[in-house]
Amino acid sequence: MGTALIHDEEMTKYKLLWVDPACKIEVPERLTVTYEALIQNGLTDRCVSVPVREATDADILLVHRTSITVPSWLQGLHCRMAWLWSGEVHQ
């Protein structure tokens with residue numbers, strides 16, 4: 045048993061689809077700075093690497109009280125396409 049580390053550079057290539065001051069912490073640097081600190085302190089070597097996969101509803105409910113509602117126009121849209129679309133909208 046150990047501490048799991050789930051990391052993929054793809055997670056740093058997103059952009060919020062909306063502007064909300066409460067979400068200002070949701071920036072890629074939040075992940076990159078943290079991951080670099082783990083590497084610099086040798087902590088990544090002590091972790092069990094877990095492959096990245098899409099979260100299930102059960103996974104999401106482990107850390108959120110209720111299910112997150114995805115707008116109907118986004119349902120079924122591939123994550124990469126949503127990311128690309130968000131860049132076009134907010135540029």
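Every position in the sequence shown, counted from 1, becomes a number in the working numbering once 44 is added. Glycine included, C-beta positions come from ideal geometry on N, C-alpha and C.
Going by alpha carbons, who is nearest to residue i out of the options?
{"i": "E54", "options": "E98, D64, A66, L87", "result": "E98"}
DSSP puts residue i in a beta bridge; with which residues?
{"i": "A48", "result": "V92"}
Checking 7 Å against the spacing of the C-beta atoms, do residue i and residue j come in under that value?
{"i": "V96", "j": "G46", "result": "no"}
{"i": "V94", "j": "A48", "result": "yes"}
{"i": "L61", "j": "C67", "result": "no"}
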